[in-house]
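Taking it in order: structure first as structure tokens, then the write-up.
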Amino acid sequence: MNTTARRAAVLSLLAAGLIAGAASPAAAATTYPVKKTSSTDLAMESRAVTLTNQARAANGCAPVRVSGRLTTAARAHSIDMAKYGYFSHTGRDGSTFVTRAQKAGYANPVGENIAWGYRTADETVTGWLNSPGHRANILNCAATTVGVGVARRGDGTPYWTQVFGA
116 MNTTARRAAV LSLLAAGLIA GAASPAAAAT TYPVKKTSST DLAMESRAVT LTNQARAANG
176 CAPVRVSGRL TTAARAHSID MAKYGYFSHT GRDGSTFVTR AQKAGYANPV GENIAWGYRT
236 ADETVTGWLN SPGHRANILN CAATTVGVGV ARRGDGTPYW TQVFGA
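The sequence shown runs 116 to 281 under the numbering used here.
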């Protein structure tokens, strides 16, 4: 089984709640050290936006521009997932991408993609494009802005969040 297939299988199990504790933000009581955002992480965030816009252009959508507010929301969610060892669109506090984006000052969020374990932006965006729901977010031509946040657990495992806005 290739890496992409393994990750898809794990994501399916997580979504189904079959891997105990990993998918449930409420179950995330253990904290993990989180590495400070590095220039490499910033470059990966930028690369994810570039790849997203390439996919959008190839499918007839205008490019999205980076929103600082959506980036703030995306980074905060990635940090929280990395720190508390969970993987979910729902935050530990019950928040959704909508409430997190609005808390960061962005009024009209329209979608969120998350990922973990992918070591590069190219792997991450490819994974999203191979997932129907994530692909739909990337190719939503109504989206005009995006924020991407990468956070790493102390062991180097990256957690990714991509939030779209209109």
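Idealized CB from N, CA, C, for every residue including glycine.
Item	Value
Are the Cβ atoms of Thr260 and Gly280 separated by less than 8 Å?	yes
Buried or exposed: Val181, going by 16 or more other Cβ atoms within 10 Å of its Cβ?	exposed
Roughly how many angstroms lie between the CA atoms of Ile253 and Lys198, to the nearest whole one?	26 Å
In this structure, does DSSP put Asn223 in helix, strand or coil?	coil
Which residues in the same chain as Thr187 place their Cβ atom closer than 6 Å to its Cβ, once the five residues preceding and following it in sequence are excluded?	Ala219
Assuming the contact rule is C-beta atoms closer than 8 Å, Val278 and Ala222 should be a hit. Round their C-beta distance to whole Å, please.	Val278 to Ala222, Cβ: 13 Å. No contact.
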